[in-house]
Amino acid sequence: MRMFFLVVGPLQLISYPSIQMIGIRTGLQLPSWREILSQLLVYFLVEDYTNYWIHRFLHNDWGYEKIHRVHHEYHAPIGFAAPYAHWAEILILGIPSFLGPAMVPGHIITFWLWIALRQIEAIDTHSGYDFPRSITKYIPFYGGAEYHDYHHYVGRQSQSNFASVFTYCDYIYGTDKGYRYQKKILQKLKEELANGVEQNGGSYKTD
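The numbers in the sequence shown follow this note's numbering, run straight up by one, and end at 239.
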């Protein structure tokens, strides 16, 4: 909560002149749904790619010890862990969220919707819950809680699953190998367990 008063609060005070400076419209004429959706897509892609590299940088020795270690105090994250970070990390990782609107400025409604969706996504990713019928299952390359949980589980040594929203950056740059290997091991164990249950007439026996 302290960070919201000391960091987020002051940023909110300067947000209006800042968004005017980068060209975000504040007039009464609302944007079309096509404009909103296309700009949101750009914002998510720009944020995800930029966040990937900044997050990866924060996992070098200096970045982790001085800044990112605070966020990794949660080895099994919960929703509250999403904004729980060093003040410098809040500022640094806030840059990708504003880069998309600065590159493709739209209406203030689109900007507010973008910030809200980004915060909801961050909380979902840190929630620790991977709901099988979640709407996010239909979003291509979406990472989600299970994907990011692995990053926190490995902790300081984690050189995997850096992306904030999607999985394509980790796949392209080879930083999801540990996660994919663990997935294969777990899947193999599940299959062996299922086969053991079937061979013992529906009840698993170890003797």
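The beta carbon of each residue, even a glycine, is placed where N, CA and C say it ideally should be. Bear in mind the structure is a predicted one, so any value in this text is a computation, not a measurement.
Rounded to whole angstroms, the gap between the alpha carbons of T199 and R212 is 11 angstroms. If you keep only unbroken alpha helix (DSSP H) runs of at least 4 residues inside the segment 143-210, you get 176-186, 200-204. According to the DSSP secondary-structure assignment, H118 is paired through a beta bridge with no residue.
Using a Cβ distance threshold of 8 angstroms, S192 and G210 count as a contacting pair. Annotation for E79: the continuous alpha helix (DSSP H) segment containing it runs 65-89. Put simply, the backbone Cα of R101 is about 12 angstroms away from that of H87.
The straight-line gap separating the alpha-carbon atoms of A154 and Y106 is approximately 14 angstroms.
In this structure, the CA atom of K169 is about 36 angstroms from the CA atom of P42.
Rounded to whole angstroms, the gap between the alpha carbons of I122 and G228 is 48 angstroms. With distances taken between CA atoms, W94 lies nearest to R188 out of F194, R188, Q71. By the neighbour-count criterion, in which 16 or more other beta carbons inside 10 Å mark a residue as buried, Q219 falls on the exposed side. At least 8 angstroms separates the beta-carbon of T157 from that of H139. N92 sits exposed, since fewer than 16 C-beta atoms from the chains shown fall within 10 Å of its C-beta. The shortest C-alpha to C-alpha distance from C201 to any of A226, E224, I54, T82 is the one to T82. Around the C-beta of T142, 16 or more other C-beta atoms lie within 10 Å, and the residue is accordingly described as buried. Under the three-pair Cβ rule at 8 angstroms, the segment 70-78 counts as touching the segment 124-139. Annotated as distal: I99 and A113, with beta-carbon spacing of 8 angstroms or more. Inclusion of H104 and H184 in the CB contact set at 8 angstroms is warranted, their separation being smaller than that value.
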